[in-house]
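What follows is a short report on a single structure.
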Amino acid sequence: MEEMAPYEAGNGRNKKFIAIAVVILLVICGIGGYLYYKRTPAYSMQLIQESVKEHNWEKFSRHVDTKNLADAAFDDIIEISMEERGDLDEHTKALAMSFVKLVKPNITSLLESAVKEYVETGEFKKDETGNATNNSTTQNKKAAPKKGNPADNLLQDTKADKLKFSSIKSTEESDNTAIVTLELRDEAASANYELKIRMIQLEDGTWKVSKIDNLKEFYKAVKENEKQHKKAA
1 MEEMAPYEAG NGRNKKFIAI AVVILLVICG IGGYLYYKRT PAYSMQLIQE SVKEHNWEKF
61 SRHVDTKNLA DAAFDDIIEI SMEERGDLDE HTKALAMSFV KLVKPNITSL LESAVKEYVE
121 TGEFKKDETG NATNNSTTQN KKAAPKKGNP ADNLLQDTKA DKLKFSSIKS TEESDNTAIV
181 TLELRDEAAS ANYELKIRMI QLEDGTWKVS KIDNLKEFYK AVKENEKQHK KAA
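Read in order, the letters of the sequence shown correspond to residues 1 to 233 in the UniProt record's numbering.
Right under this line is the structure:
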């Protein structure tokens with residue numbers, strides 16, 4: 001029996017080493033899983049959400065390219081406007097596009113500033129009429145001409161301030177680009193919408209929003225639902 005003691009002692013040590021190795025493997029796997037999660041677009045979307053809640057512009061701007069977003073959104077909205085004005089002749093369209101090119105830098109700059117203001121304060125700046133251009137709107141504002149903060153105008157056109165985030169429906173990754181499809185819900189209209197967000201991967205593995213891929217389709221879907229809702233009323 002005494003001869004078994006060294007074996008038992010060695011066996012005990014082996015079990016401890018195995019147990020420690022298992023713990024280390026579990027820790028490594030846990031960290032690995034966390035690091036992988038940090039490298040997913042969903043994690044970066046969470047960071048963006050946190051930055052808005054924290055009013056942290058630096059954190060927000062690291063993961064959202066507001067300039068590119070504003071530029072792309074402006075182009076999409078102008079294209080929609082031109083499509084809606086099908087009665088315009090080519091000469092008038094050319095003049096309109098020339099004017100658009102002149103005002104684009106100013107409008108997109110205002111959009112960027114409005115987004116920054118919202119992230120930092122939780123509301124949009126007041127327009128030149130002194131009315132707050134945030135989510136709370138007056139009843140007669142609906143009939144008022146569109147002027148003031150372009151971000152607020154965009155909110156009104158797309159009803160984005162009435163939408164609630166439901167879920168991340170899907171994520172498609174290819175190289176350093178990802179398309180994240182968000183599912184949004186408009187409770188008042190009993191309607192669901194999809195917003196496709198294009199993201200690019202940064203050097204640290206996190207992601208940055210660069211463009212809304214289907215803004216035109218989203219805009220048209222909102223407008224079509226509006227028409228159907230009015231007919232049913």
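C-beta atoms are modelled at their ideal positions from N, C-alpha and C, and glycine is treated no differently. Here the structure is a predicted model, which means the values were calculated and not measured.
Contact check for V115 and T66: beta-carbon distance about 5 Å, within the 8 Å limit, so the pair qualifies. Residue I48 holds the alpha-carbon nearest to the alpha-carbon of E120 among I48, A189, I78, R185. In the DSSP assignment, N68 falls within the alpha helix (DSSP H) that extends over 66–84. Taking a C-beta distance under 8 Å as the contact criterion, S44 and T206 qualify as a contact pair.
In this structure, the beta-carbon distance from F74 to I107 falls below 8 Å. By the criterion of at least three beta-carbon pairs nearer than 8 Å, the stretch 206–216 is not in contact with the stretch 184–193. A Cβ-Cβ separation of about 6 Å places K196 in contact with I179 under the 8 Å criterion. Here the alpha carbons of E58 and E84 stand approximately 38 Å from one another.
The DSSP assignment places 177–186, 191–201, 207–212 as complete runs of the beta strand (DSSP E) inside the stretch 177–233, in order along the chain (cut-off: 3 residues). T121 carries a helical assignment under DSSP once its states are collapsed to helix, strand and coil.
Beta-bridge pairing by DSSP links E172 to I179. Ranking M97, N68, I78, F99 by CA distance to the CA of S109 puts N68 first. In the DSSP annotation of this structure, R39 is not part of any alpha helix (DSSP H), being labelled neither H nor E. Annotated as distal: G122 and H63, with beta-carbon spacing of 8 Å or more.
Sixteen is the threshold: when 16 or more other Cβ atoms of the shown chains lie within 10 Å of the Cβ of L163, as they do, the residue is buried.
In this structure, the straight-line span from the alpha carbon of Y219 to that of D76 is close to 9 Å. Between the alpha carbons of P41 and G30 lies a distance of about 19 Å.
In the DSSP assignment, H63 falls within the unbroken alpha helix (DSSP H) covering 57–63. Annotated as proximal: A70 and E112, with beta-carbon spacing under 8 Å.
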